[in-house]
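Enquirer: Shown below is the structure under consideration.
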Amino acid sequence: MLIEIKNLQKGYKVGTKERLVLKNLNLEIEESSINVILGPSGSGKSTLLNIIGGVDRADSGTVTVNGTDICIFSDAKLTEYRRNTVGFVFQFYNLVPNLTVKENIEVVANISKNPIDCDEVLKAVDMLAFKKSFPHEISGGEQQRVSIARAIVKNPTLLLCDEPTGALDFETSKTVLKLLQEVNQKFKTTIIMITHNEAISAMANRVFKLRSGEIIDSYVNRETLPAERIEW
Ligand code: ADP
731 MLIEIKNLQK
741 GYKVGTKERL
751 VLKNLNLEIE
761 ESSINVILGP
771 SGSGKSTLLN
781 IIGGVDRADS
791 GTVTVNGTDI
801 CIFSDAKLTE
811 YRRNTVGFVF
821 QFYNLVPNLT
831 VKENIEVVAN
841 ISKNPIDCDE
851 VLKAVDMLAF
861 KKSFPHEISG
871 GEQQRVSIAR
881 AIVKNPTLLL
891 CDEPTGALDF
901 ETSKTVLKLL
911 QEVNQKFKTT
921 IIMITHNEAI
931 SAMANRVFKL
941 RSGEIIDSYV
951 NRETLPAERI
961 EW
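Residue numbering for the sequence shown follows my numbering, starting at 731 and increasing by one per position.
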């Protein structure tokens, strides 16, 4: 098992009251699998993903990745974990506007331990022809493909995607989802994707349903659907 989460709890103080956002949550993620976390807005999906990615901390519980509990990491160790193990893809791409497509990827490759060749990654996301373009010169779908290239150039064990198609139209979304499936197959990257779009769950090996900070259902898809056949 790549990730084992046990009794994870996280709350935020609102005024004088503590509001629990993740309630005693347990889940397991298998190596090289595609996982979808489904849930309505406010159910705790981003909080969970951010804790797994080491950008937020739990109040209690354990998050064991590759046999090590990241919850007890120092800040420096957590930074190293984020840098070497985790790639992030966000809804709104977050590319650096004054750097070219290739430069956006190089800045990550330059600080990575075992980066993949930048041109190879750009080729994998079918953006090599745009390597000298600036983000404002390419479409939203193309920017998302570049942001996926930026996330995978460090050859991460884990690719965490927070609503990666949330800002894209249906056809472009399918292209991006297909790319995520290809990344999973080619680099054996374990993917955790959060979405509120139920149709996307058909491409996942495992689906977790989150409501009000609790996993209310989880199941395995014996057969996963190629992204290009997803309909919604
Ligand atoms: P989702 O990703 O499912 O939309 P989130 O994990 O973003 O849910 O948020 C879960 C709940 O936690 C929401 O009610 C949100 O308002 C609350 N929350 C998230 N971050 C903070 C914060 N920094 N301070 C207070 N409340 C927060």
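From the three backbone atoms N, C-alpha and C, an ideal C-beta is built for every residue, glycine too. Model, not experiment: these values are computed from the prediction.
(1) Quick one: residues with CB closer than 5 Å to any heavy atom of the ligand ADP, in chain order, please.
(2) If I'm right that Leu752 touches Val795 with Cβ under 8 Å, what's the distance once you round it to whole angstroms?
(3) DSSP three-state label for Asn824, please.
(4) Quick one: complete alpha helix (DSSP H) runs, 4+ long, within the region 854 to 900?
(5) Thinking just about the alpha-carbon of each residue, which of Pro865, Met933, Arg880, Arg813 is nearest to the one in Val855?
(6) Taking buried to mean at least 16 other C-beta atoms within 10 Å of its own C-beta, is Glu961 buried or exposed?
(7) State the DSSP-derived secondary structure class of Leu757, mapped to helix, strand or coil.
(8) Any idea what DSSP makes of Ser776, helix, strand or coil?
(9) Under 8 Å by Cβ, that's how I've got Gly871 and Thr905 pegged, so tell me the actual separation to the nearest angstrom.
(10) Could you tell me the alpha carbon to alpha carbon distance between Val851 and Lys807, rounded to whole angstroms?
(11) Tell me the residue span of the alpha helix (DSSP H) that contains Leu808.
(12) Do Pro886 and Leu825 have their C-beta atoms within less than 8 Å of each other?
Expert: Looking at the atomic coordinates:
(1) Summarising the contact set, residues whose Cβ lies nearer than 5 Å to any heavy atom of the ligand ADP are, in chain order, Tyr742, Val751, Ser771, Gly772, Ser773, Gly774, Lys775, Ser776, Thr777.
(2) Incorrect: roughly 17 Å between the Cβ atoms, too far for contact.
(3) DSSP, reduced to helix, strand and coil, places Asn824 outside both helices and strands of the structure shown, so it counts as coil.
(4) Within the region 854 to 900, the complete alpha helix (DSSP H) runs of at least 4 residues are 870 to 882.
(5) Comparing Cα-Cα distances from Val855 to each of Pro865, Met933, Arg880, Arg813, the minimum goes to Arg880.
(6) The residue in question, Glu961, is exposed, as its Cβ has fewer than 16 Cβ neighbours within 10 Å.
(7) If DSSP states are grouped into helix, strand and coil, Leu757 belongs with the strands.
(8) Note: Ser776 maps to helix in three-state DSSP.
(9) Rounded, the Cβ-Cβ distance is 6 Å, consistent with contact.
(10) Lys807 has its alpha-carbon roughly 27 Å from the corresponding atom of Val851.
(11) Run containing Leu808: 805 to 815, per the alpha helix (DSSP H) assignment.
(12) Not in contact: Pro886 and Leu825 (Cβ atoms no closer than 8 Å).
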